[in-house]
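Right, one structure below, let's go through it.
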Amino acid sequence: MGGTALNIVPDHAEFLFEIRNLAQDNPADIMSRLEKYRDDYLRDLRTRFGAADITIDITNTYPSLSTDPASAVVGLVQSLAQTNRTIKVAFGTEGGLFSQKLDVPTVVCGPGSMDQGHKPDEYVEICQLAACDAMMDALLDRLVAGV
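Using full-length UniProt numbering, the letters of the sequence shown correspond one by one to residues 1 to 147.
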């Protein structure tokens, strides 16, 4: 966000962004690299505009999730979903909070595809909802049976 029109130079501008890192990527290292880039850029910028400044405000953080594919919880979800497939993605979920802060074995799964998600006219195919329903039924059956 900057000026009120294309031909107006603002007195300040905002650049909003988000970083979603995989668990093996240390967020502190990412921030250090970002801050170094900012500092290097500011050194040059201040030779032309002495009062120039760039601040980075972190408004929210949450930990990444990395569940071992060989873990019992992954095996459970695979059997419930009737698949052997696992994937890792750089999505934002509360899964890392459950895993790291509460020490709850965690898998994130569900119907749909990000090919259709978070965009206009997003949707989940009915067959995917049916598969999710079947998985939840299988989970309930196991919970009732105490397995």
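Note that the Cβ used here is the ideal one computed from N, Cα and C, for glycine as well.
Residue from the options with nearest C-alpha to residue i
i, options, result
"G110", "C127, R46, K101", "C127"
"N21", "F15, L65, D133", "L65"
"D68", "F49, K88, G50, S79", "K88"
"residue 166", "D141, T106, L6, A5", "This structure does not reach residue 166, given that the chain is present from 1 up to 147, and the question cannot be answered."
DSSP three-state assignment for residue i, whether helix, strand or coil
i, result
"D115", "coil"
"P27", "helix"
"A52", "coil"
"V73", "helix"
"K88", "coil"
"D121", "coil"
"F98", "helix"
"A130", "helix"
Rounded separation between residue i and residue j - CA only
i, j, result
"V77", "E122", "25 Å"
"H118", "A90", "14 Å"
"A28", "M136", "38 Å"
"L34", "T59", "16 Å"
"S113", "D25", "24 Å"
"G130", "S32", "Note on identity: in this sequence residue 130 is Ala, with Gly being the wrong assignment. Each residue's Cα considered, the two are about 45 Å apart."
"Q82", "A70", "16 Å"
"T86", "G75", "10 Å"
Same chain only: Cβ atoms within 6 Å of residue i, ignoring 5 sequence neighbours per side
i, result
"A52", "L45, R46"
"F98", "V104, T106"
Nonlocal neighbours in the same chain, by C-beta distance under 8 Å from residue i, ignoring five residues either side
i, result
"D38", "Rather than Asp, the amino acid found at residue 38 in this sequence is Arg. I54, I56."
"K101", "P63"
Cβ-based neighbour list, residue i, same chain, cut-off 7 Å, excluding 5 preceding and 5 following
i, result
"V9", "G3"
"V124", "P111, G112"
Chain D within 9 Å of residue i, Cβ atoms only
i, result
"E94", "The question asks about chain D, but that chain is absent: this structure has only one protein chain."
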